[in-house]
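Those protein sequences? They're chains A and B, same order as listed.
The first sequence lines up with residues 38 to 462 when you count with our numbering.
The second sequence lines up with residues 38 to 462 when you count with our numbering.
Protein chains: 2
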Amino acid sequence: MSEDYRPMWADLGLDLKAHDALLGVLGNAYQDIFLSQKERPEGMGYFDFVMSEVHGLRIKELLDEKAAGRKIVGCYCVFVPEELVLAANATLVGLCAGADFATDAVERLLPRNTCALIKSTFGFKLGKVCPYLESADMVVGENTCDGKKKAYETLDHLVDNLFVMDMPQAKSAQGKSLLKAEYYRFKSALEDLTGVAVTVQSLRQAIETVNAKRAAIHRLSALRKADPAPISGLDALLANQVFLYDNPARFTDAVNKICDELEVRVENKMGVSAARKPRILVSGCPQAVPNWKLPFIVERSGAVIVGEESCVGERGTRNLTDASGESVDEMMEAITDRYFKVDCAIFTPNPDRLAHIEEMAAAYKADGVIHYGLQFCQPYLMEAIPVEKALEEKNIPCLRIETDYSNEDAGQLKTRVEAFIEQLR
Amino acid sequence: MSEDYRPMWADLGLDLKAHDALLGVLGNAYQDIFLSQKERPEGMGYFDFVMSEVHGLRIKELLDEKAAGRKIVGCYCVFVPEELVLAANATLVGLCAGADFATDAVERLLPRNTCALIKSTFGFKLGKVCPYLESADMVVGENTCDGKKKAYETLDHLVDNLFVMDMPQAKSAQGKSLLKAEYYRFKSALEDLTGVAVTVQSLRQAIETVNAKRAAIHRLSALRKADPAPISGLDALLANQVFLYDNPARFTDAVNKICDELEVRVENKMGVSAARKPRILVSGCPQAVPNWKLPFIVERSGAVIVGEESCVGERGTRNLTDASGESVDEMMEAITDRYFKVDCAIFTPNPDRLAHIEEMAAAYKADGVIHYGLQFCQPYLMEAIPVEKALEEKNIPCLRIETDYSNEDAGQLKTRVEAFIEQLR
Chain A
38 MSEDYRPMWA DLGLDLKAHD ALLGVLGNAY QDIFLSQKER PEGMGYFDFV MSEVHGLRIK
98 ELLDEKAAGR KIVGCYCVFV PEELVLAANA TLVGLCAGAD FATDAVERLL PRNTCALIKS
158 TFGFKLGKVC PYLESADMVV GENTCDGKKK AYETLDHLVD NLFVMDMPQA KSAQGKSLLK
218 AEYYRFKSAL EDLTGVAVTV QSLRQAIETV NAKRAAIHRL SALRKADPAP ISGLDALLAN
278 QVFLYDNPAR FTDAVNKICD ELEVRVENKM GVSAARKPRI LVSGCPQAVP NWKLPFIVER
338 SGAVIVGEES CVGERGTRNL TDASGESVDE MMEAITDRYF KVDCAIFTPN PDRLAHIEEM
398 AAAYKADGVI HYGLQFCQPY LMEAIPVEKA LEEKNIPCLR IETDYSNEDA GQLKTRVEAF
458 IEQLR
Chain B
38 MSEDYRPMWA DLGLDLKAHD ALLGVLGNAY QDIFLSQKER PEGMGYFDFV MSEVHGLRIK
98 ELLDEKAAGR KIVGCYCVFV PEELVLAANA TLVGLCAGAD FATDAVERLL PRNTCALIKS
158 TFGFKLGKVC PYLESADMVV GENTCDGKKK AYETLDHLVD NLFVMDMPQA KSAQGKSLLK
218 AEYYRFKSAL EDLTGVAVTV QSLRQAIETV NAKRAAIHRL SALRKADPAP ISGLDALLAN
278 QVFLYDNPAR FTDAVNKICD ELEVRVENKM GVSAARKPRI LVSGCPQAVP NWKLPFIVER
338 SGAVIVGEES CVGERGTRNL TDASGESVDE MMEAITDRYF KVDCAIFTPN PDRLAHIEEM
398 AAAYKADGVI HYGLQFCQPY LMEAIPVEKA LEEKNIPCLR IETDYSNEDA GQLKTRVEAF
458 IEQLR
């Protein structure tokens, strides 16, 4: 880190010793997993810097914004519309949920059979190691899966200013109207928080800002269709992860710069490796920072990941929001339309997701699909079985993985992944 | 059984060999668990007969009803209003889900980490051993928990005529309006099935029929407040289980007859045992037939169960439906009001359930509460932790159990239950 941030972390109430340990592990993992890769695009230097300052400079920026009167909103899910947050003159950041922490304390509040993502949310809070969470003026939960919705009841006692949005379970007219009503309720809560009313102008500009960020990611994704792939899956995943908490305009520029570089690579048929590698599509649960276990194993086993059908990936970013509305309500409707399309496994039925996986497998010329399921994540683990069956009926090889954030199964995972990749050669 | 039902079962497409094995196990379990009890009320003879004919005479009755043109509707949940089914001139039966069956086949369709209740639903279908399911003209699912809602997507390929009702997740105005709209959709589906329009008269009569059944169970419950308890928890649970698929009027009579007998016992201070026994309230997941493991262990360990805060128990039966409406819509509203009060853990937040547990613990003079959680049932396992904490803050001892339908943990459960009961003496 470029500065001594310890006083800042202490002010936020972090447990400095535990936080040092976390940063130490994170730094080593980043070195081993990311910096050791060959043929990385130069533009990844930006993300290396972002990651090296993930709890430093970015937090300082947020605290500077707070000092200037701006509010910080933290969230755990892609159903929280960044458009509304920006339009109310606040900043949205995704909250830490990609590593085990303070497990003993967590399991006093949550059943052991809870998915790693939810446990991590609690672990970062109870262990006092997430400066994003501690900086947030509002924390937004959503009634997506059973695990999250029930966990928020307990999280409500651990954080101030938790705002929980209700969610539909079916893509019906009633479901859509519930989502729109909840987005209106969220807008009011934001306006109360910031004292800034959302206007046609501010909402349109916010939509355009978020769309620009998405468009940059779309450009990056499109370049990954090239064979050989011009960027590793790990690096592309990192961009998708940083999407969730970087400054939007700066992020958009950084991704577009990488794309400029990758376009030259594609033109020269240059890839991340000279040899032809099996191409993998990863589909399933979100992969929050620093949950890099699966892509690391896949890419060290001689394959390249060409796409993520995931919240941290195309499920979260594929759709733009229509900015053409001429009233706040028209834009609220456009926002609802946009998020209602997200094909999360919490919806029943959820045929769009399978269609999207098949579409991505074709578009990215994937040789096989790895379905990534977090243990005890019922919605995705349940969908995985019919998804695998449907893919195999179309002769798309599929490997179903069920794992958590520990490294205990790394050896076993590696064996299974290697065998799967071997069969794709 | 009093007749040879094998041709009937064969006609229903049951696997006769597997079904024989199931009935054999069931019969032995019933003998060991129920018939071996001492000081049983004579009125339990009715339920002994019902259970001995559970796949025999009751199925024959349903098939006779079908032959006479009446339709049979099967369901898995207390959110399915029997009032509507009866008003449309059909019969509602709860479907088998209390025992493991065909586990290998089930685990090809569902993740291993799925709760036993849902696996059992699939096992009875795949193993072809549930004559209720095979008799049903319509099977009703509901988007309650993640496990069920996603499992119905697969069940839809295994059964004909699956009707899935959407459910709210929060007790908001929007949630209630969704429930009412879904009940209207269900009413139309029933009317289409039976060709019988629901009228003010038929709906009022149906409400009264179901209320009478509930009132009989309330009378039975009230008698269990006496010390010593005049009936075992096992026998009372059995009545609550049979509630879900017996002929309503006959069931009401049978329960009232037991109550007449129990009133005399209470007057004479006669209990199921001479010695004073610790009184236990069981709270949590439903206990479907033949899932008698926990109450059997509790009562053989020297305690008596005095109440069930459960779908198969007071959560399912406590509220009556207002029959005073003067239009179908007024009664639909009353039905919605009644079911919207059910304090299932799928709702968030769900403070009414804790209040009800505390209320029951006081009313039934419980010495302690056993929270019964099915493994992988996220809503109840998540609620169990704050429930236990709240009870212990009020000095109500609480034991949290997490189990499934296997007998593998019976020894371990017995040890824990015995230790808990010991502490209550």
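From the three backbone atoms N, C-alpha and C, an ideal C-beta is built for every residue, glycine too.
Fair warning: this is a prediction, and the values are worked out from it, not measured in the lab.
Which chain A residues sit within Cβ distance under 8 Å of residue i?
i         : result
Lys-187/B : Ala-382, Thr-385, Gln-415, Pro-416, Met-419, Glu-420
Ala-207/B : Asn-180, Asp-203
So residue i contacts chain A; which residues on that side make the cut at Cβ distance below 7 Å?
i         : result
Cys-182/B : Asp-183
Just to confirm, are residue i and residue j a CB contact at a threshold of 8 Å?
i         : j         : result
Gly-344/A : Ser-269/A : no
Val-203/B : Ser-214/A : The sequence shown places Asp at residue 203/B, not Val. Their beta carbons are not under 8 Å apart, which means Asp-203/B does not touch Ser-214/A by this criterion.
Val-117/B : Phe-138/B : no
Gly-178/A : Leu-199/A : yes
Thr-385/B : Glu-190/A : yes
Thr-128/A : Leu-99/A  : yes
Thr-246/A : Ala-286/A : yes
Gly-448/A : Glu-298/A : no
Val-349/B : Gln-278/B : yes
Ala-382/B : Glu-439/B : no
Lys-431/A : Glu-396/A : no
Asp-183/A : Pro-416/B : yes
Pro-265/A : Ser-310/A : yes
Leu-132/B : Leu-192/B : no
Gly-82/B  : Glu-40/B  : no
Tyr-221/A : Asn-328/A : no
Leu-281/B : Phe-84/B  : no
Leu-271/A : Glu-336/A : yes
Asp-283/B : Val-143/B : no
Gly-353/B : Val-115/B : yes
Val-365/A : Leu-195/A : no
Ala-398/B : Ile-433/B : yes
Ala-249/B : Gln-412/B : no
Using only the alpha-carbon positions, how far apart do residue i and residue j sit?
i         : j         : result
Glu-120/B : His-408/A : 44 Å
Lys-252/B : Asp-374/B : Contrary to the premise, residue 252/B reads as Ala rather than Lys in this sequence. Approximately 18 Å, taken between the alpha carbons.
Ala-105/A : Ala-291/A : 25 Å
Glu-228/A : Cys-112/A : 17 Å
Glu-367/A : Gln-206/B : 27 Å
Ile-70/A  : Ala-273/A : 13 Å
Lys-451/A : Gly-405/A : 16 Å
Asp-57/B  : Ala-47/B  : 12 Å
Asp-101/A : Glu-219/A : 30 Å
Val-377/A : Pro-44/A  : Reading off the sequence, residue 377/A comes out as Phe, not Val. Phe-377/A and Pro-44/A: Cα-Cα distance of roughly 42 Å.
Cys-414/B : Pro-423/B : 16 Å
Ala-134/B : Lys-187/B : 17 Å
Arg-313/B : Lys-402/B : 13 Å
Val-319/A : Leu-216/B : 37 Å
Val-233/A : Asn-126/A : 7 Å
Ala-226/A : Gly-212/A : 21 Å
For a contact defined as C-beta to C-beta under 9 Å, what are the partners of residue i on chain A?
i         : result
Glu-190/B : Thr-385, Pro-386, Asn-387, Met-419, Glu-420, Pro-423
Asn-150/B : Asn-150, Gln-412, Phe-413, Gln-415, Leu-418, Glu-439
Tell me whether residue i is buried or exposed, calling it buried when 16 or more other Cβ atoms sit within 10 Å of its Cβ.
i         : result
Gln-68/A  : exposed
Ala-173/B : buried
Lys-467/B : Residue 467/B lies beyond the range of chain B shown here (38 to 462); nothing can be said about it.
Lys-54/B  : exposed
Gln-460/B : exposed
Ser-157/A : buried
Gln-324/B : buried
Lys-75/A  : exposed
Val-122/B : buried
Val-301/A : exposed
Asn-444/A : exposed
Name the residues in the region 206 to 237 of chain A whose C-beta lies less than 9 Å from a C-beta of chain B; which are they? Gln-206, Ala-207, Ser-209, Gln-211, Gly-212, Ser-214, Leu-215, Ala-218, Glu-219
Proximal residues, the region 137 to 148 of chain B versus chain A, C-beta separation under 9 Å: Arg-145, Leu-146, Leu-147, Pro-148
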